[in-house]
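J.: My questions all concern the structure below.
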Amino acid sequence: MTSVASLATIRSQRRTLRMAVAVLLLVVLLLLPYQLWLSYQEQVHAAETTTRNYAAIFETRLEATLRRTDSVLQELAWHIPAAALNPQQAARYRSTVDGELDEHLHNFEELAGLRVFDRNGDLQYSSDAAATPRINVVDRDYFRMLRETPLAGPVFSEVLLSRVIDRPSLIVARALVGEQGTFLGIVTAALDLARYQRIFRSVDLGRTGSIALRRSDDQRLVVRWPDLAGLVNQPLDPRHPFSLQMSASEPTATLRLADPTDPQERIYSLHRLQRYPFYFVIGVSVDEVLAGWRTRVLVVGVSGLLLLVLLSTLLLRLQRSERRQAQLISELVEGERQLRANAERLNIFQRLVDNAGQGIGMAYPDGKLIYVNPAARRMLQLPPAAESSDYSFTQFYSDENLHRMQQEVLPAALETGHWTGEIELKALDGRSIPTIHAVFVVHRAAGEPPIIANVLADLSERQEMEERNRQLLAEMQTLLANAMVGIVHLRQRRVIYCNRRTEEIFGYQPGELVGESSECFYASREIFEQVGARAYATVATGSAFSTEMMLRRKDGSLFWGALTGRAIDPQAPQAGSIWIFADISERRQAEEESQKLLQAVEQTPVAIMMTSRDGEIEYVNPSFTRVTGYSRLEAIGRNPRFLQSGETPAETYRNLWRSLLDGRVWSGLLHNRRKNGE
């Protein structure tokens, strides 16, 4: 009875062990797919974040370029006198206006040229005037549009093959108008699209990534990399997902689709400019994004399969042992059947191992190889006809890595049953191979040396991808360091990163701003808190915040600056945001001086009257209306002869007009008549 009870106890213990192994196997089989699914989601999320960040950077840069371009055009429209647009007078102003255009174009690499055209569409002034041919743009759509509506804002052309630089360009134009709103001509800036293609080409988005700039008003393509011939200026179908997203109120979107114009499935991020009718489309290939994940699936799948085989073998052995105890009489028959079954399973296992994508080998602790599968043979450059036993694993490691195998890896595997880590192999041809080793004991018997198995996964492709990512990071650092505006990355309103231009604007040494509160940029803490409340409320909606205000340098001096910012994640704006600073002191000073000049003319006690070359009055100041008795409405548009009293000789007036038309100064005494006849 005692013997029977002991056997029952042993059977119960082994049944419990078998159930525990089965539960463990089930848990592993459930966890592996879940971990792979999480890894898949991480890869996709990382790709979406990358495309969103690139789209935000390009959007911010183009927004700043267009704002600066429009500011230059407005300043030129304000300063160029109406007389300079008269073809007969153009020669007088050419050197001055051409010089001003060259000065504005200096250090403005995004522009290919600044040009001024008269009301007939003829080129009158140009940057780099000596190399610019005389052209006419009366047939261009942007010229006709501004001629019909001179007071319209900046007008953007379709993509044109420039008649001056013979490269694709985008023209930004503003009208030149007279005092009465009459159309006098246009001033234009040409954006060199070939430069944007070079910038796009420098960004590493994989072999099949794409970057495109489109119009948000009519969905036409402006520039794309890689270039697709024939699609420039072509609009998208209104039902296209890009069109539908950009028609919505949200300025950003992330999509996964295969574009009909380029049937490669990609993850796209769309980013629309706030003030101008354009948006960027950044796409990365789904296949390239998931390449590393698929390799991981293969490694995990094979490892899981091996684990399944090993655990299944363990379960079967436990079951066979239990059967032998329960059926001692049929032990020999059952043993023979199990041997046949094991032989069949071994054959299946052999086929699985022979066809596995990872290298698999077995050896004794002294290094002698027992088995090497075909994948490992290819990895180590073993001759096809060579026997595994002719080699030792000690031949395939450098001295340093062999010492690590013998002193660290093998003792750990023999003690715990397994070891996993990265070690570099050396093929017979001397080539180094970075690999993941999964080392475990597959056979251990008393009086016999243990047999150790090693599963090898080649990491060469992963390391190449890491190197590409490092190169991309270096390129982005160079791009930010050479930007013309200050760029700052804030977290919890503290500086995480800033480019050198930011330090130059605010007067700090390199690296001095990192870790500092952004309060140092503002005139006072009160302003810092007020602007922060408004700015972070705006960027939390996904929109950009822009303003112009007084900022503070390190030495305490104040200057006028332009501030633009956007949250990296609108759901958590304090966790990360990008801000752009620009010094606009010179522009503000010019505006103030122009206002002072106008006030001086308005407040002078001297009567001032301005006329056109045809003698029509275009402006009179308040002193004129007080002295003559005529209001501005009564005087403007009339010939000054209505003021003549008849007492001044006609020859005096002829001398006056002759001097003025020749560009000389005339002075003399005129006897005029007031409105009341005096």
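First residue of the sequence shown? That's -2 in the working numbering, and the numbers climb one at a time after it.
C-beta atoms are modelled at their ideal positions from N, C-alpha and C, and glycine is treated no differently.
To test your reading of the DSSP string, which unbroken alpha helix (DSSP H) runs of 4 or more residues are found completely within the segment 607 to 641?
T.: The segment 607 to 641 contains these whole alpha helix (DSSP H) runs: 619 to 625 and 629 to 632.
J.: Using the rule of at least 16 other Cβ atoms within 10 Å of the residue's Cβ for burial, across every protein chain shown, is residue 413 buried or exposed?
T.: Exposed, by the Cβ-count rule.
J.: Taking just the CA atoms, how far does residue 40 sit from residue 126?
T.: Approximately 53 Å, taken between the alpha carbons.
J.: Between residue 549 and residue 498, what straight-line distance do the alpha-carbon atoms span, to the nearest angstrom?
T.: Cα to Cα, the separation comes out at about 15 Å.
J.: Are the CB atoms of residue 37 and residue 290 nearer to each other than 8 Å?
T.: Yes, these two residues count as a Cβ contact at 8 Å.
J.: Mind the definition here: the segment 184 to 198 touches the segment 156 to 167 only if three or more C-beta pairs lie below 8 Å; say whether that holds.
T.: The segment 184 to 198, when compared against the segment 156 to 167, does touch it at the 8 Å Cβ threshold.
J.: Residue range of the alpha helix (DSSP H) that residue 376 falls in?
T.: Per DSSP, residue 376 belongs to the alpha helix (DSSP H) from 371 to 377.
J.: Just tell me which of 433, 432, 451 and 431 has its CA closest to the CA of residue 439.
T.: The option with the nearest alpha carbon to residue 439 is 451.
J.: Tell me which residue opens and which closes the beta strand (DSSP E) that residue 511 is part of.
T.: Note, residue 511: premise wrong, no beta strand (DSSP E); not H, not E.
J.: Taking only three categories from DSSP, how would you classify residue 570?
T.: Helix, per DSSP.
J.: Can you tell me which of the three DSSP states residue 361 falls into?
T.: Looking at residue 361 - three-state DSSP - the assignment turns out to be coil, as it is neither helix nor strand.
J.: In whole angstroms, what is the alpha-carbon distance linking residue 518 and residue 559?
T.: Approximately 12 Å between the Cα atoms of the pair.
J.: How many angstroms separate the CA atom of residue 598 from the CA atom of residue 606?
T.: Roughly 10 Å separates the two Cα atoms.
J.: Do the CB positions of residue 487 and residue 356 come within less than 8 Å of each other?
T.: Contact: no.
J.: Is the distance from the Cβ of residue 533 to the Cβ of residue 571 below 8 Å?
T.: It is a contact, given that the beta carbons lie within the stated cut-off.
J.: Using the Cα positions of residue 96 and residue 132, report the straight-line distance between them to the nearest angstrom.
T.: Using only the alpha carbons, I get a separation of about 19 Å.
J.: Using a threshold of 8 Å, state whether the C-beta atoms of residue 281 and residue 203 are closer than that.
T.: Against a cut-off of 8 Å, the Cβ pair of residue 203 and residue 281 comes out as a contact.
J.: Which same chain residues, not among the five before or five after residue 633, have their C-beta less than 6 Å away from its C-beta?
T.: Excluding sequence neighbours, residue 633 sits near 614.
J.: Tell me whether residue 237 sits in a helix, a strand or coil according to DSSP, three-state version.
T.: Correct three-state label for residue 237: coil.
J.: Where does residue 647 land, buried or exposed, given buried means 16+ other C-beta within 10 angstroms?
T.: With fewer than 16 other Cβ atoms within 10 Å, it is exposed.
J.: Using 10 angstroms around the beta-carbon of residue 326, count the other beta-carbons present and answer buried if the total reaches 16, otherwise exposed.
T.: Residue confidence for residue 326 is low, a pLDDT of 49 falling below 50, so the modelled location carries little weight; the figure read from the coordinates is stated next. Label assigned to residue 326: exposed.
J.: Since residue 551 contacts residue 503 with CB under 8 Å, what's their CB separation in whole angstroms?
T.: That pair is a contact at about 6 Å.
J.: What are the boundary residues of the alpha helix (DSSP H) that residue 77 is part of?
T.: First-last for residue 77: undefined, no H or E at that position.
J.: Residue 668 by DSSP, collapsed to three states: which one?
T.: Residue 668: coil per DSSP, three-state reduction.
J.: Nearest to residue 584 by alpha carbon, out of 380, 557, 649 and 157?
T.: Residue 557 is the option with its Cα nearest to residue 584.
J.: Quick check: the Cα distance between residue 347 and residue 28, rounded to an integer number of angstroms?
T.: The alpha-carbon atoms of residue 347 and residue 28 are separated by roughly 26 Å.
J.: Let me know the secondary structure DSSP gives residue 290 once reduced to three states.
T.: Residue 290: helix per DSSP, three-state reduction.
J.: Hey, would you say residue 522 sits closer than 8 Å to residue 516, going by beta carbons?
T.: Yes, the Cβ-Cβ distance between residue 522 and residue 516 is below 8 Å.
J.: Which residue or residues does DSSP assign as beta-bridge partners of residue 431?
T.: According to DSSP, residue 431 bridges with 421.
J.: Would you grab the beta carbon distance between residue 575 and residue 493 for me? Rounded to a whole angstrom, and I think it's under 8 Å.
T.: Their Cβ separation, rounded to whole angstroms, is 10 Å, which puts residue 575 and residue 493 out of contact at 8 Å.
J.: For residue 411, report the span of its alpha helix (DSSP H) as first-last.
T.: 407 to 413 is the extent of the alpha helix (DSSP H) around residue 411.
J.: Which residue wins for smallest C-alpha separation from residue 179, given the options 79, 63, 246 and 221?
T.: Nearest C-alpha to residue 179: 79.
J.: Report buried or exposed for residue 400, applying the criterion of at least 16 other Cβ atoms within 10 angstroms of its Cβ.
T.: Exposed, by the Cβ-count rule.
J.: Would you decide whether residue 124 is buried or exposed? Buried here means 16 or more other CB atoms lie within 10 Å of its CB.
T.: With 16 or more other Cβ atoms within 10 Å, it is buried.
J.: At what residues does the alpha helix (DSSP H) containing residue 647 begin and finish?
T.: Residues 647 to 658.
J.: Considering just the uninterrupted stretch of the beta strand (DSSP E) at residue 267, what are its terminal residues?
T.: Its beta strand (DSSP E) spans residues 262 to 269.
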